[in-house]
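A.B. asks: Protein chains in written order, with my numbering: chain G, 100 to 235; chain V, 100 to 235. One structure coming up, written as structure tokens, with questions to follow.
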């Protein structure tokens, strides 16, 4: 996994790391059991403090996506194949989706354009995820 | 507009106020020119500090959705009828959409279910917005 962050972004670095890992899991690039770089390694690669990487990994652990332990480091614990999400996740996610889509509508994006963006983004994840292991 | 916040939520109060206003604009409940309650009034209604309301209104101002001035207070400056969003908005929004949809896929929500959630949320906004001014 090539993980890059934008040091000039308003989005905190730990959040960017978390977001990139979530996207890599969704796209099938990281499957259950995949190891992530150690916090010190990733911090050195990105030129950031290892506490920042720790914060990102801990957030992913609390979300149920990573398993952290002293022996194996950070390992993906959940992906698209792990069964349906918990009810509390779906409820919270739906509320955040509502706010994000409201933002687009309030800013004047047409509903067709917004829906097309949802569709093409989802297609990219699922095509990539399904493509894993198939002949090239 | 009935604006309610959840004091026990992990989402900061100013963010909740901002989100509810965005949703009210998207649903057509607040159109261009609609006045919002004064910061002191809303703070008193919600039982919170008026600096928190100020922070929410200022965020909405920076997003181009509210106009703030001493004479008229906070007034909606932009809604779905104000033309297409700025390119930098669309770029940033698309990146946030990608992360949010990735979260659903990583947590095991099927792509059809995720797309259906997008579709029904958008339909609710646009039906309400279009319903404004039509005969009951």
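From the three backbone atoms N, C-alpha and C, an ideal C-beta is built for every residue, glycine too. If you're wondering where the values come from, they're calculated on a predicted model, not measured in any experiment.
Let me know if residue 190 (chain G) comes out buried or exposed under the rule of 16 or more other beta-carbons within 10 Å of its beta-carbon.
C.D. replies: Residue 190 (chain G) should be labelled exposed.
A.B. asks: Just checking: is the beta-carbon of residue 149 (chain G) within a distance shorter than 9 Å of some beta-carbon in chain V?
C.D. replies: No - not a single Cβ of chain V is within 9 Å of the one on residue 149 (chain G).
A.B. asks: Which residues in chain V sit within 7 Å of residue 176 (chain G), going by Cβ to Cβ distance?
C.D. replies: Residues of chain V passing the Cβ test: none, with the nearest at roughly 11 Å.
A.B. asks: How many Å lie between residue 130 (chain V) and residue 178 (chain V) at the Cα?
C.D. replies: Near 6 Å, if we compare the C-alpha coordinates of residue 178 (chain V) and residue 130 (chain V).
A.B. asks: Any beta carbon from chain V within less than 9 Å of residue 121 (chain G)'s own beta carbon?
C.D. replies: Yes, contact with chain V.
A.B. asks: Enumerate in chain order the residues of its own chain whose CB-to-CB distance from residue 117 (chain V) is below 7 Å, with the five nearest sequence positions on each side excluded.
C.D. replies: Within the same chain, residue 117 (chain V) has close Cβ partners 155, 158 and 159.
A.B. asks: May I have the straight-line CA-CA distance separating residue 142 (chain V) from residue 105 (chain V), to the nearest angstrom?
C.D. replies: So the alpha carbons of these two residues sit roughly 14 Å apart.
A.B. asks: In whole angstroms, give me the CA-to-CA distance for residue 153 (chain G) and residue 225 (chain V).
C.D. replies: Distance between the alpha carbons of residue 153 (chain G) and residue 225 (chain V): 42 Å.
A.B. asks: When the Cα of residue 201 (chain V) is compared with those of G:217, G:197 and G:208, which residue comes out closest?
C.D. replies: Of the listed residues, the one whose Cα sits closest to residue 201 (chain V) is G:217.
A.B. asks: Within 10 angstroms of the Cβ of residue 140 (chain G), are there 16 or more other Cβ atoms? Answer buried if so, exposed if not.
C.D. replies: Its Cβ having fewer than 16 others within 10 Å, residue 140 (chain G) is exposed.
A.B. asks: Going by C-alpha to C-alpha distance, which of V:185, V:137 and V:210 sits closest to residue 126 (chain G)?
C.D. replies: Ranking V:185, V:137 and V:210 by Cα distance to residue 126 (chain G) puts V:210 first.
A.B. asks: Kindly indicate if chain V contains any beta-carbon less than 9 Å away from that of residue 161 (chain G).
C.D. replies: No, its Cβ sits nowhere closer than 9 Å to a Cβ of chain V.
A.B. asks: Given that a residue counts as buried once 16 or more other Cβ atoms are within 10 Å of its Cβ, and exposed if not, what is residue 207 (chain G)?
C.D. replies: Buried is the call here.
A.B. asks: Within the 9 Å Cβ cut-off, does residue 111 (chain G) reach chain V?
C.D. replies: It does not; no Cβ of chain V falls within 9 Å.
A.B. asks: I'd like to know if residue 157 (chain V) contacts chain G, where contact means its C-beta is closer than 9 Å to some C-beta of that chain.
C.D. replies: With 9 Å as the cut-off, residue 157 (chain V) does not count as an interface residue toward chain G.
A.B. asks: Which residues does DSSP pair with residue 172 (chain V) in a beta bridge?
C.D. replies: Note: residue 172 (chain V) sits in a beta bridge opposite V:168.
A.B. asks: Along chain V, which residues have their Cβ under 8 Å away from the Cβ of residue 210 (chain G)?
C.D. replies: In chain order: 221, 222, 224 and 225.
A.B. asks: Out of curiosity, what's the CA-to-CA distance linking residue 120 (chain G) and residue 147 (chain G)?
C.D. replies: Their Cα atoms are separated by approximately 17 Å.
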